[in-house]
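Just so you know, we're using our numbering here: the sequence shown kicks off at 2 and counts up by one.
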Amino acid sequence: MTQRPYRLIASCALFLTTSISFAGSCDLVINSDDKMIFDKSELKIASSCKEVKLTLNHTGTLPVAAMGHNWVLSETSKVRSIANAGMNAGPDNAYIKPDDERVIAHTKLIGGGETTTITFKTDKLTAGADYSFFCSFPGHSGVMKGKFLFS
Ligand code: ZN
């Protein structure tokens with residue numbers, strides 16, 4: 002007898018979550034895991050968005066030191082140099098060179114089971130320009146990357 006009301010609540014919660022994600026077109030959610038994968042290879046934002054809210058989830062269980070992930074946004078041509086500078090900056094700087102001007106936005110580095118959300122303004126972005134997102138943890142940017150479309 003207790004199952005039925007529970008199921009009703011669960012489906013209401015699901016409906017609510019779906020509605021919210023459709024309503025906020027300036028909101029992005031991306032998931033990462035222990036397999037070193039982002040669940041999206043492309044993120045799209047309308048240039049009418051003045052601000053973007055991005056949430057990064059790490060659905061794995063490995064600690065940040067072994068399988069840390071972040072989300073870094075830059076021009077596509079600068080991904081490699083930012084990742085290299087991040088590697089040199091080391092774990093104390095969460096693999097991002099402090100005040101790296103090439104970085105447009107980035108989250109903190111998180112481990113399994115963690116979530117982080119950032120909000121950034123789009124005034125530095127040019128509609129139609131070539132942007133990419135990636136994870137700057139050493140060795141991850143080769144596979145953990147995707148296109149960021151702002152148009
Ligand atoms: Zn990573």
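Using N, Cα and C, we set each Cβ at its ideal position, and we do this for glycine too.
Minimum C-alpha distance to residue i - residue among the options
i: residue 105; options: 132, 28, 61, 51; result: 132
i: residue 75; options: 69, 101, 55; result: 101
i: residue 79; options: 121, 135, 68; result: 135
i: residue 57; options: 83, 92, 69; result: 69
i: residue 61; options: 111, 137, 77, 122; result: 111
i: residue 138; options: 128, 96, 29, 54; result: 96
i: residue 33; options: 81, 117, 128; result: 117
i: residue 94; options: 40, 30, 71, 31; result: 71
i: residue 124; options: 44, 29, 51, 26; result: 51
i: residue 148; options: 31, 63, 77; result: 77
Residue i, buried or exposed, once every other Cβ within 10 Å from all chains shown has been counted against 16
i: residue 144; result: exposed
i: residue 108; result: buried
i: residue 98; result: buried
i: residue 89; result: exposed
i: residue 87; result: buried
i: residue 49; result: exposed
i: residue 142; result: buried
i: residue 130; result: exposed
i: residue 66; result: exposed
N- and C-terminal bounds of the alpha helix (DSSP H) containing residue i
i: residue 87; result: 80–90
i: residue 65; result: 65–68
Anticipated Cβ contact below 8 Å, residue i with residue j, distance rounded
i: residue 46; j: residue 151; result: 5 Å
i: residue 121; j: residue 73; result: Residue 121 to residue 73, Cβ: 11 Å. No contact.
Residue range of the beta strand (DSSP E) that includes residue i
i: residue 73; result: 73–76
i: residue 134; result: 132–135
i: residue 28; result: 28–33
i: residue 46; result: 43–46
Secondary structure of residue i, DSSP reduced to three states
i: residue 93; result: helix
i: residue 125; result: coil
i: residue 60; result: coil
i: residue 111; result: strand
i: residue 102; result: coil
i: residue 147; result: strand
i: residue 51; result: coil
i: residue 38; result: coil
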